[in-house]
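So the sequence shown is numbered by the numbering used here: it starts at 10 and just counts up by one.
All remarks here apply to the structure that follows.
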Amino acid sequence: MAAALARRVSGLLRPLSVSLCSKAPQLCKLSSLFRLPPVYSSAAAAVRAPLRAAACLTPRYNILQRVLPLIPSLTHQPNRSLTYFSLKKGKRKTVKSVTQRFMRLHCDLWIRRKAGYKKKLWKKSPARKKRLREHVFCSKTQTKLLDKMTTAFWKRRNWYVNDPYLEYHDRVNLKL
Numbered sequence: 010m011a012a013a014l015a016r017r018v019s020g021l022l023r024p025l026s027v028s029l030c031s032k033a034p035q036l037c038k039l040s041s042l043f044r045l046p047p048v049y050s051s052a053a054a055a056v057r058a059p060l061r062a063a064a065c066l067t068p069r070y071n072i073l074q075r076v077l078p079l080i081p082s083l084t085h086q087p088n089r090s091l092t093y094f095s096l097k098k099g100k101r102k103t104v105k106s107v108t109q110r111f112m113r114l115h116c117d118l119w120i121r122r123k124a125g126y127k128k129k130l131w132k133k134s135p136a137r138k139k140r141l142r143e144h145v146f147c148s149k150t151q152t153k154l155l156d157k158m159t160t161a162f163w164k165r166r167n168w169y170v171n172d173p174y175l176e177y178h179d180r181v182n183l184k185l
C-alpha cells in the first residue's frame, strides 16, 4: 500500500517538472529522481519522505521570480521613445506625440486638454463637456519632462496672426 501511495504522490508532482523544464533542463524528469520507495511503517511517513526528497532537489525561487514570467507587464518600464542621436545627423529628435498633444507657451509653461475630452460624450452632461474642453497647465515635473522630449525648435517664440493664446505667452503676476 505504501508503494502505491508513493507512486500516486510522484504522479501528482509530475506537472511540477514541466514548469521546471524551462528553468533547469536537468530537473525535467522529476519522477526519475525518486528511487523505489522503502517499506514505511505508516501511510503518513510514506507521503512525507518523497515530498522531502523533492523539496531538497528542486531549486528555490522566490515568489517574484515565479510570478514574473506569468505577468510580463510588471517588468516593462514606461517608454518615451526619445531618440538621443539620430542615424542621419546624430542629433536629438523631438517626440512627435508631445507636439501634437501639448502646446508650449513662451513663459516655459505647457498647456494641454483635459483627459477624456472626446471620449463617450453621449453620456456626459453639457457642464462636464464644457469643463473637459478647457485647457489646463501641466505640472512642474511634466513640464521638465516635456522640455526634455522636445528640441530647441519647439522652444522658440512664434508670432501668429490672431493668436488666441497671446495673453498667456507672457507670465504676469504668476509666481511658481
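Where a beta carbon is used, it is the ideal one built from N, C-alpha and C, also for glycine.
Quick caveat: nothing in here was measured; it's all calculated off a predicted structure.
Do residue i and residue j have their CB atoms nearer than 8 Å?
| i | j | result |
| --- | --- | --- |
| Thr-160 | Thr-103 | yes |
| Thr-152 | Leu-118 | yes |
| Cys-147 | Leu-141 | no |
| Lys-123 | Glu-143 | yes |
Using DSSP bridges, identify the partner residues of residue i.
| i | result |
| --- | --- |
| His-144 | Arg-122 |
| Phe-111 | Arg-121 |
May I ask which residues mark the beginning and end of the alpha helix (DSSP H) holding residue i?
| i | result |
| --- | --- |
| Leu-155 | 149 to 157 |
| Arg-75 | 72 to 76 |
| Phe-177 | Checking the displayed sequence, the identity of residue 177 turns out to be Tyr instead of Phe. Its alpha helix (DSSP H) spans residues 175 to 178. |
Pull up the CB-CB distance for residue i and residue j, whole angstroms please, since I reckon it's below 8 Å.
| i | j | result |
| --- | --- | --- |
| Arg-180 | Val-145 | So it is not a contact: roughly 16 Å between Cβ atoms. |
| His-115 | Arg-166 | 5 Å |
Examine chain B for any beta-carbon lying closer than 8 Å to the beta-carbon of residue i, and answer yes or no.
| i | result |
| --- | --- |
| Trp-163 | Absent from the structure: chain B. Only one protein chain is present. |
query: Can you find at least 3 beta carbon pairs, one from the region 119 to 131 and one from the region 163 to 172, that sit closer than 8 Å?
result: Judged by Cβ distances under 8 Å, the region 119 to 131 makes no contact with the region 163 to 172, as fewer than three pairs qualify.
task: Say whether the region 104 to 113 touches the region 131 to 143, bearing in mind that this needs 3 or more beta-carbon pairs closer than 8 Å, one atom from each stretch.
output: No: the two stretches stay apart, fewer than three of their Cβ pairs being nearer than 8 Å.
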